[in-house]
Every structure is written in C-alpha cells, then in structure tokens.
Amino acid sequence: MTAPLPVPKEFDRTRNLLAHATEHGTFHEIRRSCRFACDLVANGTDRDLVLAQEVLAAVLACQVTDPTDVHAGNFLWMAEDDRIEDLNAAVFCLEHLVPMMLRHGDRLPMDTRAGVLDAIRLGLEEVLRLDVWMGYSNITALSVLCCCLGGELLDRTEILDAGRAKLEAWVGFTAESGHVLEFNSPTYAAVSIRALGRLRGLVVCPDTAVLADMMLWRLGLSYALHLHRATGRLAGPHGRAYQPSIDGESPPEAETFAAWLNTSLLPGWLGELYSALPDRREVREGILVSEQIAMHTALEPGFAVGSVTRSVHPQGNAVIGHLQGAGDAPGGVLYARHILDDKWLGDFYHATDRSHSRNLMDEGDFLGIQHGTAVLGAYAPHAGRAAFRSARTAFIWTRQVAVTAVYVNDEPAGNLPLTVVPGSRLTVCTDRVLCLLQPLHLPDLLQPATVELHRRGGDLVCDIYHYRAKETKRFWDLAWPGAFYKGRSACIFFLAVHPRRDLPLADDVRSRWSELSIECTVAPARTRTHLREQRRAAATVSGPDGSFSLDIDLMDFRHRTRPAGGTGLTAPLAAQCNWQDTVEEHSLQVADAEVRASGANILFAREPGSDTWALVQAADSPGPVSVRIGETTRRVPLTGKGIATYADGRLTVRQTHSSAI
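Take 2 as the starting number for the sequence shown in the numbering used here and just add one per residue.
Right, here's the structure in full:
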C-alpha cells in the first residue's frame, strides 16, 4: 500500500506553499511548490490528493490572469513578488503541470482539473509570445517540452506545431556549430536532458520523439566525453555553473550520469562508450561558429584543463582545471575570474533564490586558445563598462586543492600575503601537479601594476590588478563608442598544468619553465583612423609539446583569425562534421570506422572492439550515408533528420517523416 508523501519541513501550511529563508527574508517559491503539488498527485493517496488541491490552488493564485497584462499567463517567481520579472517562471511551472495532467489528471476533481487546464492554456500562450532564443538552451528545452506536450493535452494544433518547429530549429541551430550555447553546464545540461527525456517518453508524435532523442544523444555524448574519472566532475569550461559545483558542495556529475543510464534516460551505448574512453584524451567542440566560440578540454589521469575560445556568460567558467585530491580526499578546482571593485563570493545577488551565496560572477570578457593542458588567455572588462575603483584578473585554487608549495620564479615564496613583481613566473604545487602561471601583459591603467598572492576563505588567490583606487574612476579612454578609445585593457597570461615528475620539487619547477619560450607583443595604443582598424596583441608559447599562439584584436576584442577546431566535435570514439552545404561526398574517420556522406550533418560515435555504433544526422535532405568498419560497408537509409544505431548485428533507423514539420 502506498504511503502518503512526506511533507517537507519547509512547507508553510498557512500559505500552502514551500518557503525558504535567506538573508533577505522568507520567500515562497512558486515553481518548487508546483513541483511538490504534482509529486503529491503522482503519489496519489487520499491525503496526498487533498493537499495537492490546496497547493495547486495557491500556485494558480500566483498566475497573472489579467488579459491586458503584457505577461498574462506567467507566474510570479516568489509569492511575495508584485510583478513578473523572471520570465522563466512559466516553463518552470508548466514543465510539471503538463506531464501531471497527461499522467494523472483524472485523479483530480473536475473543478481542479478545469482550473489547471485553463492555467496551462494561459501559460502556453505566454510561452509562445516569449519565443525564447535557441541559445538559451535549458529554457528552449523546457519551452519545447511544454508546447509539444501541452499542445497534445489541449488538442491545440498551433501550440503543438510551434513546439515541434522550435525543436527542429534548435536541432539545426546546434548541429550547425556543434554543441548548445549553454555548453557543458553542471546545472543546465541536467535541466535540458531531463526535459528532453520527459518529452520523448510522453509525446505521441513520433517525429517529435526522434528530434528529442537527437538532442538527448548530443547532450549526453558531450557529458560523457567531459566526465573526469579521477574527480567525477564535468571537466572543461562551463557555459554556466554555480559556485556549489566549483566548491565541491554538489554531488559529482559522474553520479548523475550513472543515474541517467540506470533509468534509461540516456541510451546504454553511451555508458559503454564512456567506459571505453581513455583516461588521457582531448575533446574539442564548436559552440557558436559565427561568434568564434568553441571549447577545448584536455583530460589526464590526475587532472583536467579546459578553456573556451570566447566567454559566453558571467556565470561561466572560461578557463578551469580540475585537480585530483591527495589520497581519498576530494578533488579541487583552479578557475579564473575578472572582477571589478574588489567583489567576492557573497557580493553578487542571485534573484532566483534571493541569496548572495550562489555566484562569483565573471565581470570580464575572455579570449583564449589551448594546446594540450596549456592555455594562452586574455581578460578585459566588459565593453562599455568604463567606471570602476578596481579591476583584477583572479586565479583561484579552491580550498580542496592541497597546495604544498608556491614558487615565484625559481624560488619558494615567503609567507602569504605576498606582492609579486608583475611578469614573474608563478608555480603552485601539489603532490600531483604543477600549475604554471605568468602574466605576459598588464594594462597601463595602474603604475606600477600589482600581482598579489593571498588566502581568502580557504582559497589560494592570485590577484592581478589592472587598476585599484579608493574612489570610482570613469575611464574615458576605455569607453566605446568614445573619442579616446584605444582598445580594451586586457591582461594576457599563460597558464598550464603538468604532472609532477620524479625530481626534487625545485628542480621540477625550474625544468618545466626552462623548457618554454614565451613571447608577447602588443601594438601601441592609439585611436582609430577608421572603424575597422585593429590593435594587435599576440602571444606565442613554444615547448616540448609544440608551439601555439594567441592572436587577438584589442579594439573589437576578437580573435584575428578563426581558432582551429571551431566547429563540430573531435574526440576519441566520437566526431561530428557539417557537410550540409556541399554536394561532394566527404568522409569522417572515428577509430577504425569511416562514415561517408554528402549534404549531411553527421554525429558519429563508435564503441571500440565491437560493431556497435550510433549516428545522428541533422541535415534536411542528406545524400547517401554509409558506415564502413573493416571490410564491411553498411548503407544507412536516412533521407532526413534522424538517428541510427548498429548493435548485435542489427541496424535500427528512426527518422522524421518531414524535414519541415
């Protein structure tokens, strides 16, 4: 016999809503209360259903029903709010209400059912008006879920068609570059994957189910490729992340991935592929080719380093390293931020939960290039932000990193805090790795520029100050458009992580730096004579593993040439290429398999040592597609968007019936 669902301790029986307290007061969160109500209906005991009706009534009372309101149909984020501000509240409530009505709506009394259905109708009309941009990946996934399932629930063809069209457009938008714009996110990859899985499981339309699986496989594959075995974390740069995932306060993402496999949310072949991945691997993925955005991650047995060619979001981690802990201790993280006005964790307000504890925001723009586990990067304040009292680029080793020594040039550092001569070579040492850091160019906003090493809240911090004063200063020469603008004030740096060698520590530090040749040149500052005039900054590193260069324009703060590996996917056991604008036949090699196609956009993954493989085709009208392994070639009968798998001697193909749904 089913037991009633436990009532959370934060449930406020006077409001019939879930509440939580922060330093700003007590708030009743509507989306969490909505989920709780739907969980009660799913559990289905008499006591659950009575309470569910009360909670649903309280939730629906927080929906805007005035037809003259510009956001009619949306929900308040907190019951205490007096207006609609967070536009995502609609989909965060509907993602629970719509599936609940499809699965268990008959458990509710008729008047409650009618009220919920009317709320869903109003909410979906708001979702259609909002028409979220496809770069907002998790909200796109939720919008698609709500519209496709909601359209079927209400028998509203226009809503259903809009949801399908958004999903198909999102598939194409993503496949054009490689991966979603909220790439590799410990938080939002999970939101998107769960939404797509729920859509696939409940939708009636087979075309929609195929498109949902295409996105699920793409997101799940990237997740698997970036999981670092030694730390259990999602390594590499993050499109968006919250501080608990950096500080190790949230469960390892490897546990989440295992749960998805165990519940068949992700296909079993992804688990087999992850098990076969080498511990030492590099993964390159395009993100948004038109904006020069791509990511590169190098995973090693004891650590991982990743960076993005161009930063995307202030909640992102543009350059980050995951470091295995000593013995059984949890791993730690090395990450970077550009921060204004001496702010720190606790200074950034997060409206979603009304707290200051979730983010250490990145207040700068980042450009970078990576080679192996080394990164050349540049940080500058956001364009148009030309007033501050301090600006610094910070490199932060979280408190979990067991730092054993710090070297400045070739000498052990003294007691912290410590002021370092700009341009000095810094080495942060653990029992497992050496982290090499050198500022190569500092803006001339502060004379002299300063570099400081200190402990803050248990973290080891290297602050590279561009400017610092007691009062806010407006920088006329940093404002663009502006008559004195001479380019962005960038801090250019070199960062690398290497495993410790069997040498005395001082010798290991000296030898790592002595193997490198580093050059950096920055063109003189001057105003433009024409709007396309550039101011070049370039840095080159040469060493035992080859050479690589960062070549950027400080005026527009862009790469001067498109970074290599800016589209598709390159990784062990998986690859993606976009040939949909060509008529010639092309080939894609993954391990011992070869895919041949024309006019196609192919994602291919191969389990080594077997005939098992998976293929996603995202172009509307591809030419013939074939897969060759050894002497055996198999034609894949895909004439539109679809997926194919080969396992146990059987080829399975699912595709949409129309490329324009």
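Just so it is clear, CB atoms sit at the ideal spot from N, CA and C, and this is done for glycine as well.
Helix, strand or coil: how does DSSP classify His97 here? The residue labelled residue 97 in the question sits at position 96 within the sequence shown. Secondary structure of His97 (DSSP, three-state): helix.
Leaving out five residues before and five after Thr665 in sequence, what residues of the same chain have Cβ atoms less than 8 Å from its Cβ? In the structure displayed, the chain extends from 2 to 662; residue 665 sits before or after that span and is not available.
Relative to the C-alpha of Phe304, which residue among His314, His323, Asp546, Arg311 is closest? What you label residue 304 is simply residue 303 of the sequence shown in a count that begins at 1. Distances from the alpha-carbon of Phe304 to those of His314, His323, Asp546, Arg311 put His323 closest.
Here's the rule I'm using: 16 or more other beta-carbon atoms within 10 Å means buried, otherwise exposed. How should Tyr350 be labelled? Position 349 of the sequence shown, counted from the start, is the residue given in the question as residue 350. That one is exposed.
Pairwise C-alpha distance: Trp580 and Arg311: Position 310 of the sequence shown holds residue 311. Position 579 of the sequence shown holds residue 580. So the alpha carbons of these two residues sit roughly 25 Å apart.
Taking buried to mean at least 16 other C-beta atoms within 10 Å of its own C-beta, is Val145 buried or exposed? Against the sequence shown, residue 145 aligns to sequence position 144. Classification for Val145: buried.
According to the Cβ coordinates, are Leu278 and Leu574 closer than 8 Å? Reading the sequence shown from its first residue, position 277 is the one you call residue 278. Reading the sequence shown from its first residue, position 573 is the one you call residue 574. It is a contact, given that the beta carbons lie within the stated cut-off.
Would you mind giving the Cβ-Cβ distance between Leu352 and Asp70, rounded to the nearest angstrom? I have them listed as a contact below 8 Å. On the sequence shown, position 351 is the one that residue 352 refers to. On the sequence shown, position 69 is the one that residue 70 refers to. Reading off the sequence shown, one finds Ala at residue 352, where the question assumed Leu. Approximately 20 Å separates the beta-carbon atoms of Ala352 and Asp70; this is outside 8 Å, ruling out the contact.
Identify the residues that DSSP records as bridge partners of Met135: which are they? Position 134 of the sequence shown, counted from the start, is the residue given in the question as residue 135. The partner list for Met135 (beta bridge, DSSP) is empty, contrary to what the question assumes.
Buried or exposed (CB count within 10 angstroms, at least 16 for buried), Gly269: Indexing the sequence shown from 1 puts residue 269 at position 268. Counting every other CB atom within 10 Å of its CB across the protein chains shown gives Gly269 a total below 16, marking it as exposed.
Distance between beta carbons of Ala392 and His467, contact taken as under 8 Å: Locating residue 467 in the sequence shown gives position 466, counting from the first residue. Locating residue 392 in the sequence shown gives position 391, counting from the first residue. The Cβ separation is near 4 Å, so the contact holds.
Is the beta carbon of Gly347 sitting closer than 8 Å to the one on His357? Counting from one through the sequence shown, the residue named residue 347 turns up at place 346. Counting from one through the sequence shown, the residue named residue 357 turns up at place 356. Against a cut-off of 8 Å, the Cβ pair of His357 and Gly347 comes out as a contact.
Reduced DSSP secondary structure (H/G/I, E/B, other) of Ala242: By one-based count along the sequence shown, residue 242 stands at place 241. Residue state, collapsed to three classes: coil.
Just mark Thr188 as buried or exposed, buried being the case when its beta carbon has 16 or more other beta carbons within 10 Å. Taking the first residue of the sequence shown as 1, we reach residue 188 at position 187. Looking at its Cβ environment, which holds 16 or more other Cβ atoms inside 10 Å, Thr188 is buried.
Work out the CA separation of Asp612 and Glu632 for me, nearest whole Å. Within the sequence shown, the letter at position 631 stands for residue 632. Within the sequence shown, the letter at position 611 stands for residue 612. Rounded to whole angstroms, Glu632 and Asp612 show a C-alpha spacing of 12 Å.
Would Gly333 and Trp398 be called neighbours here (beta carbons separated by less than 8 Å)? Counting from one through the sequence shown, the residue named residue 333 turns up at place 332. Counting from one through the sequence shown, the residue named residue 398 turns up at place 397. Using a Cβ distance threshold of 8 Å, Gly333 and Trp398 count as a contacting pair.
Helix, strand or coil for Gly333? Go by DSSP, reduced to three states. Stepping through the sequence shown from its first residue, residue 333 is reached at position 332. Strand.
Taking Ile85 as part of the alpha helix (DSSP H), name the residues at either end of that continuous run. Within the sequence shown, the letter at position 84 stands for residue 85. Segment: none, Ile85 is in no alpha helix (DSSP H) and carries neither H nor E.
CB-CB under 6 Å to Thr27, same chain, minus the five flanking residues each way: which ones, in chain order? For this step, residue 27 is matched to residue 26 along the sequence shown. So the qualifying residues of the chain are Ala20.
Those runs of the beta strand (DSSP E) which lie wholly inside the region 384 to 469 and span at least 3 residues: Every unbroken stretch of the beta strand (DSSP E) spanning 3 or more residues and falling wholly within the region 384 to 469 is given here in chain order: 388 to 398, 406 to 409, 419 to 421, 427 to 430, 434 to 442, 451 to 457.
Does DSSP put Pro9 in a helix, in a strand, or in coil? Translated into the one-based positions of the sequence shown, residue 9 becomes position 8. In this structure, Pro9 counts as coil in the three-state DSSP scheme.
Counting C-beta neighbours from all protein chains within 10 Å, is the total for Asp464 16 or more, i.e. buried, or is it exposed? Working through the sequence shown from its first residue, we reach residue 464 at position 463. By the neighbour-count rule (16 or more Cβ atoms within 10 Å), Asp464 is buried.
Considering only their Cβ atoms, is the gap separating Lys642 from Val172 smaller than 8 Å? Numbered from 1 along the sequence shown, position 171 holds the residue referred to as residue 172. Numbered from 1 along the sequence shown, position 641 holds the residue referred to as residue 642. Yes. Within cutoff.
Which term fits Lys10, buried or exposed, when burial requires 16 or more other beta carbons within 10 angstroms of its beta carbon? Here residue 10 corresponds to residue number 9 of the sequence shown, with the count starting at 1. So Lys10 counts as exposed.
Terminal residues of the beta strand (DSSP E) in which Asp343 lies: On the sequence shown, position 342 is the one that residue 343 refers to. Counting along the chain, Asp343 falls outside any beta strand (DSSP E), and DSSP gives it neither H nor E.
In chain order, what residues of the same chain have a beta carbon less than 7 Å from the beta carbon of Pro100, not counting five sequence neighbours either side? The residue you call residue 100 lines up with position 99 of the sequence shown. Correct list, in chain order: Leu150, Arg199, Leu203.
Under DSSP, the beta strand (DSSP E) around Ala352 begins and ends at which residues? The sequence position of residue 352 within the sequence shown is 351, counting from 1. Going by DSSP, Ala352 is part of no beta strand (DSSP E) at all; its letter is neither H nor E.
Give the C-beta separation of Ala225 and Leu271 to the nearest angstrom, bearing in mind that I take them to be a contact with Cβ-Cβ under 8 Å. Locating residue 225 in the sequence shown gives position 224, counting from the first residue. Locating residue 271 in the sequence shown gives position 270, counting from the first residue. The pair is a contact, with the Cβ atoms about 5 Å apart (cut-off 8 Å).
Enumerate, from N- to C-terminal direction, the unbroken alpha helix (DSSP H) stretches of 4 or more residues contained entirely within the region 7 to 78. For the region 7 to 78, whole alpha helix (DSSP H) runs of length 4 or above, ordered along the chain, are 31 to 44, 47 to 61.
Whole angstroms is fine: what's the gap from Asp445's alpha carbon to Leu361's? As a working mapping, residue 445 is identified with position 444 in the sequence shown. As a working mapping, residue 361 is identified with position 360 in the sequence shown. Going by the C-alpha atoms only, they are around 26 Å apart.
Could you compute how far the alpha carbon of Val421 sits from the alpha carbon of Phe495? Stepping through the sequence shown from its first residue, residue 421 is reached at position 420. Stepping through the sequence shown from its first residue, residue 495 is reached at position 494. So the alpha carbons of these two residues sit roughly 16 Å apart.
Identity of the residues DSSP links to Ile493 by a beta bridge: Your numbering for residue 493 matches position 492 in the sequence shown. For Ile493, DSSP records a beta bridge to Ala379, His442.
Just checking Glu516 against the ligand FAD - is the residue's beta carbon closer than 7 Å to any of the ligand's heavy atoms? Inclusion of the ligand FAD in the displayed structure is not the case, the ligand content being empty and no account of it being possible.
Taking the alpha carbon of Asp557 as the point to measure from, which residue in Arg607, Ala395, Ala576, Pro482 has its own alpha carbon closest? The count along the sequence shown starts at 1 and reaches residue 557 at position 556. If we check each option's Cα against that of Asp557, Pro482 comes out closest.
Rounded to whole angstroms, what is the Cα-Cα separation between Ser660 and Ala592? Within the sequence shown, the letter at position 659 stands for residue 660. Within the sequence shown, the letter at position 591 stands for residue 592. Caution is warranted here: a pLDDT of 43 is assigned to Ser660, below 50, making its placement in the model unreliable, and no coordinate value can be reported.
Can Pro500 and Glu453 be called in contact, C-beta distance under 8 Å? Translated into positions along the sequence shown, residue 500 becomes position 499. Translated into positions along the sequence shown, residue 453 becomes position 452. With respect to the 8 Å criterion, Pro500 and Glu453 are not classified as neighbours on the basis of their beta carbons.
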